[in-house]
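Asker:
Numbering (my numbering), first residue to last: 266 to 473.
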């Protein structure tokens, strides 16, 4: 009110803070509604195979998140397949079973192409390398397992490697999360304090 009576404008940072606070107070329900709509809509969209496939491929392409998801899925794939093979399940049957356990359709599609290659007399590792969905390390280790007749053991080794890497990555992420949250909160508080101080300084200038 003092600024209005003096015909002066509030400092821009203060205007922004006040505008955001007023908007949140008046329209907080729109954020809640938007979050609810997303929670209801996204799961339904992901039940469509085409949408799910594009989404899964997009997730794998994300920096940071993609490699982590890829390693989790590949470790699960390799460990389950190795367990089935070591228990006497035929490779093609084991691949069909494992494909259904994968949560990522991009990887599941690659497994299907591996099965098709084997049915046609091809190799296991060939389609893995061609698709580019599986990490190169996994592809090369599987190829060695094929050539040496120790596929099940090599699959277990791949699973162990990626399980260890995932565990290390998650620990690093958790260690970064706390300081990042503190930094974000600190920046927000600093912005509010800065806007208040600017307003107080401007009031002093008006007084003189």
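All residues carry an ideal CB built from backbone N, CA and C; glycine is no exception.
These numbers were taken from a predicted model, which means no experiment stands behind them.
Between which residues of its own chain and residue 403 is the CB-CB distance below 8 Å, once the five residues before and five after are set aside?
Answerer: Contacts found: 339, 343, 393, 423, 427.
Asker: Give a yes or no on whether the C-beta atoms belonging to residue 333 and residue 431 are separated by under 8 Å.
Answerer: Yes, the Cβ-Cβ distance between residue 333 and residue 431 is below 8 Å.
Asker: Run through the segment 333-376 for me and flag every whole alpha helix (DSSP H) of 4 or more residues, listed as ranges in chain order.
Answerer: The segment 333-376 contains these whole alpha helix (DSSP H) runs: 356-366.
Asker: Out of 290, 359, 336, 419, state which residue places its alpha-carbon closest to the alpha-carbon of residue 434.
Answerer: When each option's Cα is compared against that of residue 434, the closest is 336.
Asker: I'd like the list of long-range same chain contacts for residue 330, defined as Cβ closer than 8 Å, with 5 residues on each side in sequence excluded.
Answerer: Within the same chain, residue 330 has close Cβ partners 324.
Asker: For residue 285, collect the residues of the same chain with a Cβ closer than 8 Å to its Cβ; drop the 5 residues on either side in sequence, then sort them by chain order.
Answerer: So the list is empty, once near-sequence residues are dropped.
Asker: Specify the secondary structure class of residue 331 as computed by DSSP and reduced to three states.
Answerer: Three-state result, residue 331: helix.
Asker: In whole angstroms, what separates the C-alpha of residue 442 from that of residue 327?
Answerer: Answer to the nearest angstrom: the Cα atoms are 19 Å apart.
Asker: With three or more C-beta pairs closer than 8 Å as the rule, is the segment 445-460 touching the segment 344-359?
Answerer: Segments in contact, no.
Asker: Need the endpoints of the alpha helix (DSSP H) that residue 415 sits in, please.
Answerer: Looking at the DSSP string, residue 415 is not in any alpha helix (DSSP H), and its letter there is neither H nor E.
Asker: Given this structure, state the Cα-to-Cα distance separating residue 437 from residue 444, to the nearest angstrom.
Answerer: Rounded to whole angstroms, residue 437 to residue 444 spans 12 Å at the Cα level.
Asker: Take residue 385 and list the residues in its own chain whose beta-carbon comes closer than 7 Å to its own, dropping the five residues that flank it on each side.
Answerer: Result list for residue 385: empty, nothing under 7 Å.
Asker: Is the CB-CB distance between residue 375 and residue 398 below 8 Å?
Answerer: Yes; because the gap between Cβ atoms is below 8 Å, this pair is in contact.
Asker: Just to confirm, are residue 411 and residue 390 a CB contact at a threshold of 8 Å?
Answerer: For residue 411 and residue 390, yes; Cβs fall inside 8 Å.
Asker: According to the neighbour-count rule (16 or more other Cβ atoms, all chains shown, within 10 Å of its Cβ), is residue 401 buried or exposed?
Answerer: The residue in question, residue 401, is exposed, as its Cβ has fewer than 16 Cβ neighbours within 10 Å.
Asker: Measure the C-alpha to C-alpha separation of residue 268 and residue 281 and round it to an integer number of angstroms.
Answerer: For residue 268, the predicted model reports a pLDDT of 48, less than 50, meaning its position is unreliable; a value from the coordinates is still stated below. Distance between the alpha carbons of residue 268 and residue 281 is about 16 Å.
Asker: Unbroken alpha helix (DSSP H) runs of length 4 or more, entirely within the segment 388-412: which are they?
Answerer: 390-396, all fully within the segment 388-412.
Asker: By Cβ distance, which residues of its chain are closer than 6 Å to residue 318, with the 5 residues on each side in sequence left out?
Answerer: Correct list, in chain order: 370.
Asker: Looking at C-alpha atoms only, which residue of 379, 346, 316, 457 is the closest neighbour of residue 363?
Answerer: Checked all of 379, 346, 316, 457; the closest Cα to residue 363 is 346.
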